[in-house]
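In this note's numbering, the protein residues as written are 20 to 93.
Shown next as structure tokens:
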């Protein structure tokens with residue numbers, strides 16, 4: 020794994036994992052990510068930064084998924 024990954028987990032939760040080993044699990048409506056910083060870019064793109072090691076990944080999420088709240092990047 021070279022990039023920070025956002026993966027669906029059981030029970031509707033989401034997991035964010037960094038190559039350094041940092042990981043966080045949260046519900047779609049849970050509080051903001053604590054271990055990762057997210058910055059909104061243009062065209063439904065996001066910059067994700069690991070607060071533990073500083074690794075940065077840019078990801079794109081489909082607009083409909085963002086509207087439905089299925090990609091918890093807030």
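Every residue gets a Cβ at the ideal spot worked out from N, C-alpha and C, and that includes glycine.
Non-local C-beta neighbours of residue 36 in its own chain, meaning closer than 6 angstroms and more than five positions away in sequence, comprise 24, 42, ordered along the chain. Membership of residue 48 in any beta strand (DSSP E) is not indicated, and neither H nor E is assigned to it by DSSP. Residue pairing by DSSP places residue 27 opposite 33 in a beta bridge. Judged by DSSP secondary structure, residue 57 falls within the beta strand (DSSP E) whose first and last residues are 55-59.
In the DSSP assignment, residue 39 falls outside any beta strand (DSSP E), carrying neither H nor E. Residue 72 counts as exposed, since fewer than 16 other C-beta atoms from the protein chains shown sit within 10 angstroms of its C-beta.
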